[in-house]
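Chains G and F supply the protein sequences, listed in that same order.
With the numbering used here as the guide, the letters of the first sequence map in order to residues 301 to 412.
With the numbering used here as the guide, the letters of the second sequence map in order to residues 4 to 120.
Using N, Cα and C, we set each Cβ at its ideal position, and we do this for glycine too.
For clarity, every value in this text was computed on a predicted model and none was experimentally measured.
Below: the structure, in structure tokens.
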Amino acid sequence: AQRVTQPEKLLSVFKGAPVELKCNYSYSGSPELFWYVQYSRQRLQLLLRHISRESIKGFTADLNKGETSFHLKKPFAQEEDSAMYYCALSPLGRGGGNKLTFGTGTQLKVEL
Amino acid sequence: GAGVSQSPSNKVTEKGKDVELRCDPISGHTALYWYRQSLGQGLEFLIYFQGNSAPDKSGLPSDRFSAERTGGSVSTLTIQRTQQEDSAVYLCASSFSGTPYSNQPQHFGDGTRLSIL
């Protein structure tokens, strides 16, 4: 079975401060990890995935298999980053579709 | 269509009634997923379709829940004899099929907010 843990329900930071949203996972096979974001009154959308190794909107996330973590980071928070962030896992190597297992989400609030 | 479309956006019904929720995936997406988002439970997987087949129904909470997909496109999720605990936002997502080395990102609809009185 797979599990995703996001320990913080709410994270409040000041504009310009660094942000780190924590995500830990457990899965016995090879996982693919994602971060999804839901802005106010918008649909859930993909922010980034570990396989792409890219930075989106200044956010990065590195998969640490030793610590089974996939923390989301941004060096300088912006007001428009305020949103609900979900970490999600799906198994690799099964081809076709793979269901996502989500964490409970972290509400990020960036204050001026 | 620009994205995944779900209808209705809101549904209020009485306990014991049946409801049907509809999902129109992005054109060309062969994989389709249903999830449920409820207070205290977060986002939970319900069922996955590849084409018209459902290889994974493991998330359906009871036999009151069923889903079908026709023409490799539109899907309906049916809840029979609704209970108050069925109140939630039901989300649909679609994607292209993945490979053994990489999963395809799922694109989500706005969801149907279901309220059981």
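Can you find a C-beta in chain F that's less than 8 Å from the C-beta of residue i?
{"i": "residue 354 of chain G", "result": "no"}
{"i": "residue 399 of chain G", "result": "yes"}
I'd like to confirm the pairing. Which residues does DSSP put opposite residue i in its beta bridges?
{"i": "residue 341 of chain G", "result": "For residue 341 of chain G, which the question treats as bridged, DSSP gives no partner whatsoever."}
{"i": "residue 65 of chain F", "result": "Residue 65 of chain F is not bridged to any residue."}
{"i": "residue 372 of chain G", "result": "G:321 and G:361"}
{"i": "residue 40 of chain F", "result": "F:46 and F:92"}
{"i": "residue 349 of chain G", "result": "G:334"}
{"i": "residue 22 of chain F", "result": "F:82"}
{"i": "residue 385 of chain G", "result": "G:337 and G:406"}
Between residue i and the rest of its own chain, which residues show a CB-CB distance below 8 Å, the 5 nearest in sequence each way excluded?
{"i": "residue 344 of chain G", "result": "336, 337, 338 and 386"}
{"i": "residue 392 of chain G", "result": "329, 330, 331, 332 and 398"}
{"i": "residue 90 of chain F", "result": "41, 117, 118 and 119"}
As a quick exercise: from the options, pick the residue whose alpha carbon is nearest that of residue i.
{"i": "residue 50 of chain F", "options": "G:360, G:399 and G:407", "result": "G:399"}
{"i": "residue 114 of chain F", "options": "F:92, F:99, F:108 and F:97", "result": "F:92"}
{"i": "residue 354 of chain G", "options": "G:401, G:333 and G:368", "result": "G:333"}
{"i": "residue 121 of chain F", "options": "F:65, F:15, F:107 and F:119", "result": "Residue numbering for chain F in the displayed model covers 4 to 120; residue 121 of chain F lies beyond these limits and cannot be assessed."}
{"i": "residue 83 of chain F", "options": "F:58, F:119 and F:110", "result": "F:119"}
{"i": "residue 46 of chain F", "options": "G:303, G:357 and G:370", "result": "G:303"}
{"i": "residue 32 of chain F", "options": "F:6, F:59, F:81 and F:61", "result": "F:6"}
{"i": "residue 309 of chain G", "options": "F:19, F:88 and F:43", "result": "F:43"}
{"i": "residue 76 of chain F", "options": "F:18, F:97, F:12 and F:109", "result": "F:97"}
{"i": "residue 56 of chain F", "options": "F:10, F:73 and F:87", "result": "F:73"}
{"i": "residue 374 of chain G", "options": "G:342, G:347 and G:365", "result": "G:347"}
Considering residue i, what are the terminal residues of the beta strand (DSSP E) in which it resides?
{"i": "residue 79 of chain F", "result": "78 to 82"}
{"i": "residue 398 of chain G", "result": "Counting along the chain, residue 398 of chain G falls outside any beta strand (DSSP E), and DSSP gives it neither H nor E."}
{"i": "residue 119 of chain F", "result": "115 to 119"}
{"i": "residue 13 of chain F", "result": "13 to 16"}
{"i": "residue 305 of chain G", "result": "303 to 305"}
{"i": "residue 310 of chain G", "result": "310 to 314"}
{"i": "residue 9 of chain F", "result": "8 to 10"}
{"i": "residue 58 of chain F", "result": "56 to 59"}
Within 8 Å of any Cβ in chain G, is that where the Cβ of residue i sits?
{"i": "residue 119 of chain F", "result": "no"}
{"i": "residue 27 of chain F", "result": "no"}
{"i": "residue 106 of chain F", "result": "yes"}
{"i": "residue 48 of chain F", "result": "yes"}
{"i": "residue 83 of chain F", "result": "no"}
{"i": "residue 19 of chain F", "result": "no"}
{"i": "residue 101 of chain F", "result": "yes"}
Apart from the five residues just before and just after residue i, which ones in its own chain have a Cβ nearer than 7 Å to its Cβ?
{"i": "residue 86 of chain F", "result": "18 and 119"}
Tell me whether residue i counts as near the ligand ZN, meaning its Cβ is closer than 7 Å to at least one heavy atom of that ligand.
{"i": "residue 316 of chain G", "result": "No copy of the ligand ZN appears in this structure; indeed no ligand is present at all."}
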